[in-house]
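Working notes, beginning with the structure itself.
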Amino acid sequence: MKKILLSGIQPTGAPHIGNYFGMMKQVVAAQDEYEVYGMIVNYHALTTVQNKKELEENTRNVALDFLAIGVDPEKMVLFKQSDVPEHTELTWIFNCLVTMPWLSRAHAFKDKSENGIEASVGLFDYPVLMAADILLYDTQVVPVGEDQRQHVEMAREIARKFNTNYGETFVEPKEVIKEDVGTVPGTDGRKMSKSYKNTIPLFGTDEEITKAVMGIVTDSGSDVPMNVYAIHKLFKSEAELVPIYDEHKGKYKALKDALLADILAFVTPLRERRAYYESKPELVAEILTKGAAQAKGKAEAKMKVVRERVGL
Ligand code: ADP
Ligand code: TRP
């Protein structure tokens, strides 16, 4: 029996290289060895995107990006969260088990409220929906970036709480966070994030990628521009980088050019596959429909057990 691996990404904008190295690459790399579920979490995205066109377009783009980086629909399940409404049903059941003070500890909500921004009920409940995503599939392994560690821990706690109250039902999942890519830095040295506008988009145009790379903040005075190097390390080994950084000591423009060339060399073959899928919208729709049916089959069976255990 294969182990079950699941992860998700919000369709809130164009995936960036932090998403790629931190999560998407791990999901695709696991498709031979694990039973893999890759989910486009559009219910979660509603906490930030409240425009139909934008949400639909982002969703389509995330699907294309996933296919471009090597998802094989014969091997893994790629699906949209909203195609499996059981996720929201299970969220409600979990909502009634967890307390408000416990949920107030979650980062996303805490950060917003500390900055004086009013959080929606959906944002407050975000970690519970994520727990439902994970637990519905008896997921054992959840590859994510460091920022999601707490959410997977919370999913584990919810599983434990349900199991204690209603009897053994859910598997306790474990996060997998790769040390070297757990927090990919952005062009300003902070964590790369759509919300910081410091990203290098994975499938940006040449111009967009060039602009992002040339905009990397450099700290004058040192021979090695650390922010450039930290991103470069994702594309070349340190052994390969040493001679380049030796040759261009202190020449930030030349080093940025070298990084840019490596990013473009990496992304060019993937763009071809992306263009292929982009030209075949029916095929993409078919892949997502098939993924939805596979995910729904599993989720429905699990919910049958859950309803019975709960007394519904
Ligand atoms: P963002 O923070 O840009 O909005 P998401 O919340 O959609 O990105 O994240 C999707 C996945 O990518 C999550 O598993 C998250 O941990 C991972 N991820 C996001 N940013 C980074 C980063 N800078 N480094 C590593 N992983 C990241
Ligand atoms: N919260 C995750 C993020 O912002 C996305 C997500 C939703 C997820 N459900 C999930 C990740 C289940 C892993 C497993 O990145």
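Here the sequence shown is numbered in my numbering, starting from 1264 and rising by one per residue.
Think of the CB as a built atom: it goes at the ideal place given N, C-alpha and C, for glycine as much as any other residue.
Please read these numbers as outputs of a predicted model, since none were measured by experiment.
Asked	Found
Cβ-heavy atom distance, Q1289 to the ligand ADP, below 6 Å	no
Check whether Y1297 and K1338 have beta carbons under 7 Å apart	no
beta-carbon Q1403 near the ligand ADP non-hydrogen atom, thresh 6 Å	no
Cβ-based burial, D1396 [other Cβ within 10 Å; buried from 16]	buried
Heavy atom of the ligand TRP within 6 Å of D1396 beta-carbon	yes
Pairwise C-alpha distance: L1504 and D1443	16 Å
Stretch pair the segment 1384-1396 + the segment 1280-1293: three plus CB contacts closer than 8 Å	no
Per-residue DSSP class, three states only, for K1474	helix
Buried or exposed by the 16-neighbour rule on C-beta atoms within 10 Å, applied to R1453	exposed
Ordered list of alpha helix (DSSP H) runs contained in the segment 1427-1454, each at least 4 residues	none
Closer than 6 Å: V1325 CB and nearest the ligand TRP heavy atom	no
Classification of V1568 by the beta-carbon crowding that lies within 10 angstroms, buried from 16 upward	exposed
Segment limits, beta strand (DSSP E) that includes L1575	First-last for L1575: undefined, no H or E at that position.
Assigned exposure category for L1575 - 16 Cβ within 10 Å defines buried	exposed
Local conformation of M1363 per DSSP, three classes	helix
Sub-7 Å separation of E1438 and R1412 beta-carbons	yes
Min CB distance Y1508 to chain C below 7 Å	Among the chains in the structure shown there is no chain C, since it carries only a single protein chain.
Distance cut-off 6 Å: M1393 Cβ against heavy atoms of the ligand ADP	no
Rounded distance between the beta-carbons of V1404 and N1358, thought under 8 Å	With 8 Å as the limit, N1358 and V1404 do not qualify as a contact, their Cβ atoms being about 25 Å apart.
Contact test: K1457 Cβ vs the ligand ADP heavy atom, cutoff 6 Å	yes
Proximity test, G1430 beta-carbon vs the ligand ADP heavy atom, cut-off 6 Å	no
Contacting residues, own chain, Cβ-Cβ under 8 Å from H1307 (five flanking each side not counted)	G1271, Q1273, Q1344, Y1389, L1392, M1393
Runs of beta strand (DSSP E) wholly within the segment 1289-1342 (minimum 3 residues, chain order)	1298-1303
Supposed close pair L1341, A1331 - CB separation, criterion 8 Å	Incorrect: roughly 12 Å between the Cβ atoms, too far for contact.
Proximity of G1478 and T1450 at Cβ, strictly below 7 Å	yes
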